[in-house]
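With this note's numbering, letter number 28 in the sequence shown gets 711, and the count goes up by one each step, no holes. We put the beta carbon where it would ideally sit given N, CA and C, even for glycine. Bear in mind that the values here come from a model prediction, so they are computed numbers and not experimental data.
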Amino acid sequence: NNPTGAVYSKDTLKQIAELARKHELIVCADEIYDRILYDDAEHIPFASIAEDILCLTFSGLSKSYRLAGFRSGWMIVTGKKLQALDFLEGLDILSSMRLCANVPAQYAIQTALGGYQSINDLVLPTGRLGAQRDLAYEKLTAIPGVSCVKPKGAIYLFPKLDEKMYPIEDDERLMLELLLEQKLLLVQGSAFNLPSRQHLRLVFLPPVDVLENAIDRLAEFLSSKRK
Ligand SMILES: Cc1ncc(COP(=O)(O)O)c(C=O)c1O
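Right under this line is the structure:
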């Protein structure tokens, strides 16, 4: 997942590469949101800045190409492959014997990767995804005690609830209450291994009118919890 919608800068990627070099690590770069970018955000593939590091880059049809039902993804191996031949052989065996890729769906990959990229229109401020991100961000941050970093990529917002206004002990319980009271399903921040209990994750894929109504219901729910 990318719950905060962060897009790493070249500098951050270089620091990760430094760590990988120092500790001789393999880097797994899940870059499935590589084309879902807002404003001036740029996706820099990790493999392109660290050609000496063994890197597994993952992607698939379900996000940038919006073909989730095709269940089709891929992995690109770059870097120091010679030192990892056994590991790579194991991956080959695993993919042939256990993953059993869906062959017809693989024909869609070439078509999806090339040609006209409709995602580029969707992420513009006038596009469906861009408009949904902007509306969800504006409405969430208008709720008292709710702050949020505006996502630069992906399809999620990760708002923070002010600790003094909303002292939350069990964020999973809070999400269950929200579901039961407002029929609204969000994910608690602790589900992403965050020690803090003050975050929620919202998917901004629904159309603006649905999002508008949902965030109004979230605001109503939070007003009943406010100290
Ligand atoms: C970062 C990331 N990678 C991979 C996936 C998996 O996508 P799928 O199994 O739908 O192809 C997801 C889905 O949410 C994701 O957030």
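Closest by C-alpha distance to ASP694, when choosing among ALA733, ASN684 and ALA791: ALA733
Around ligand 1, Cβ to any heavy atom closer than 6 Å, ordered along the chain: ASN684, ASN685, ASP713, ILE715, GLY743, SER745, ALA751 and GLY756
Same chain, Cβ closer than 7 Å to VAL690, neighbours up to 5 away in sequence not counted: Same-chain partners within the cutoff: LEU720, ALA724, HIS726, LYS835 and GLY836.
Pair within 7 Å by beta-carbon distance, ILE802 and SER742: no
Beta strand (DSSP E) segment containing ARG880, residue limits: Here ARG880 belongs to no beta strand (DSSP E), and DSSP marks it neither H nor E.
Every unbroken alpha helix (DSSP H) within the region 760–828, with a cutoff of 4 residues, ordered by chain: Taking only runs of at least 4 residues, the alpha helix (DSSP H) segments lying wholly in the region 760–828 are 768–777, 786–796, 802–805 and 811–824.
Bridge-paired residues (DSSP) for GLN871: LEU883
Distance CB(LEU905)-CB(ILE851) smaller than 7 Å: no
Proximity below 7 Å, CB of ILE736 to CB of VAL760: no
Terminal residues of the alpha helix (DSSP H) in which VAL832 lies: Unbroken run through VAL832: none, as it is neither H nor E.
Alpha carbon of PHE887 to alpha carbon of TRP757, nearest angstrom: 25 Å
Segment contact flag, the region 793–809 with the region 763–772, C-beta cutoff 8 Å, min 3 pairs: no
GLY752 CB to nearest heavy atom of ligand 2 below 6 Å: Annotation note on ligand 2: not contained in the displayed structure, which lists ligand 1 as its ligands.
7 Å Cβ cutoff, ILE736 in contact with chain D: Reference to chain D is not applicable here, since this structure consists of a single protein chain.
Where ASP723 sits in the DSSP three-state scheme: coil
Cutoff 7 Å; reference LEU869; Cβ partners in own chain excluding five residues on either side: If we look at LEU869 and ignore the five residues flanking it on each side, its Cβ neighbours are MET858, LEU861, LEU883, ARG884 and LEU885.
For GLU772 and ARG781, the rounded distance between their alpha carbons: Going from the Cα of ARG781 to the Cα of GLU772 covers about 14 Å.
CA-to-CA distance, GLN789 to SER779, given in whole angstroms: 14 Å
Residues of its chain near GLN815, where Cβ-Cβ distance is below 8 Å and the 5 sequence neighbours each way are ignored: PHE887, LEU888, PRO889, PRO890, VAL891 and LEU894
GLY756 in three-state terms, based on DSSP: Here GLY756 sits in strand by DSSP.
Exposed unless 16 or more other CB atoms sit within 10 angstroms - verdict on SER755: buried
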